[in-house]
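Residue numbers (the working numbering): 2 to 216. A short write-up of the structure that comes next.
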Amino acid sequence: MLLRFRDFFRRDSRENAFPVPSTLVVGLGTPGPPYASTRHNIGFRVVETLAERHAGVWVDDRASQSRLSIVEIAGRTVALMAPQTFMNRSGESVVAALVRWPAIDPSTHLIIVYDDLDLPTGRIRLRPEGGAGGHNGIGDILERLGSKSVPRLRFGIGHPGAAGAVIDWVLNPFSDTEEEGLLPDAIDWAADGIEAAIAEGVRPAMGRFNAKRAE
């Protein structure tokens with residue numbers, strides 16, 4: 002897989018168009034206007050918040066099949082990525098970025114942000130490693146990297162209560178009450194958590210951000 006992407010980059014003259022980041026933050030979602038406000042796309046919204054905070058400019062990057070924004074966070078150059086593949090192929094974009102920027106260690110300087118059915122809406126969990134928990138996006142990334150040692154931030158979207166209702170639940174928008182109430186602060190809280198993880202490391206940030214929702 003890595004060799005295939007290296008061959009692709011040799012053909013792509015835009016490989017050096019971006020500053021070299023030390024950290025990669027990937028928000029997962031499904032591209033396209035119909036999915037923009039869905040629960041499944043909360044990863045996109047968190048990285049978009051980070052880009053807005055740090056005056057990032059999004060560009061379409063054909064080589065990694067993603068939108069990219071390069072920003073400075075805590076004195077570090079950080080690549081924010083929103084893969085434009087379908088969710089279950091998110092690993093293609095991540096692998097492409099790691100080939101482009103081989104100095105990024107995915108066990109310490111890669112953070113994946115994605116939705117989690119098992120957490121209450123707006124609750125977050127930072128973790129330095131773990132399994133996929135049934136999520137197709139992080140599952141594809143772990144499989145392609147061949148490791149579960151990938152830091153992540155899980156953002157709670159709640160559970161509909163019945164397994165048969167999950168697909169409709171994740172592919173539908175949050176309620177108006179959620180959008181107008183807890184979500185703005187919760188997304189900011191998640192962005193704060195990412196910033197802390199970049200500045201201090203994931204484990205130190207866990208104690209501050211995993212215990213409670215945003216206030």
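Glycine included, every Cβ here is placed at the ideal spot set by N, Cα and C.
DSSP-derived helix/strand/coil call for residue 37 = Residue 37 falls in the coil class under three-state DSSP.
Along the chain, which unbroken stretches of the alpha helix (DSSP H) at least 4 residues long are found entirely within the segment 139–178?
-> 167–171
Taking all protein chains shown into account, do 16 or more other C-beta atoms lie within 10 angstroms of the C-beta of residue 42, making it buried, or fewer, making it exposed?
-> It counts as buried.
Going by C-alpha distance, which of 172, 131, 118 is nearest residue 159?
-> Selected option, being the one with the closest Cα: 118.
Could you say which of 133, 66, 164 lies nearest to residue 101 if we only look at CA atoms?
-> 66
Pairwise C-alpha distance: residue 211 and residue 217 = Because the chain is modelled from 2 through 216, residue 217 falls outside the range shown and cannot be assessed.
Does the Cβ of residue 40 have 16 or more other Cβ atoms within 10 Å, making it buried, or fewer, making it exposed?
-> With 16 or more other Cβ atoms within 10 Å, it is buried.
C-beta atoms of residue 133 and residue 120 nearer than 8 Å | no
Is it a yes or a no for the segment 47–62 touching the segment 86–93, going by three-plus beta-carbon pairs under 8 Å?
-> no
Could you pull the start and end residues of the alpha helix (DSSP H) that residue 69 belongs to?
-> Element bounds for residue 69: not the alpha helix (DSSP H) but the beta strand (DSSP E), 67–74.
Quick one: give me the first and last residue of the alpha helix (DSSP H) that residue 117 is part of.
-> Here residue 117 belongs to no alpha helix (DSSP H); instead the beta strand (DSSP E) covers 111–117.
Return the bridge partner residues of residue 27 from the DSSP annotation.
-> DSSP links residue 27 through a beta bridge to 82, 113.
Stretch-stretch touch, CB-based, cutoff 8 Å, three pairs: the segment 21–41 with the segment 174–181 | Inter-segment contact for the segment 21–41 and the segment 174–181 is present: three or more beta-carbon pairs are separated by less than 8 Å.
Can you find at least 3 beta carbon pairs, one from the segment 137–153 and one from the segment 51–59, that sit closer than 8 Å?
-> no
Just tell me which of 91, 78, 203 has its CA closest to the CA of residue 68.
-> 91
Per DSSP, which one or two residues make a beta bridge with residue 126?
-> 155
Between the beta-carbon of residue 209 and the beta-carbon of residue 198, is there less than 8 Å?
-> Taking 8 Å as the Cβ cut-off, residue 209 and residue 198 do not qualify as a contacting pair.
Take the Cβ of residue 71 as the centre, count every other Cβ of all protein chains shown within 10 Å, and call the residue buried at 16 or more, exposed below.
-> buried
Check whether residue 162 and residue 124 have beta carbons under 8 Å apart = no
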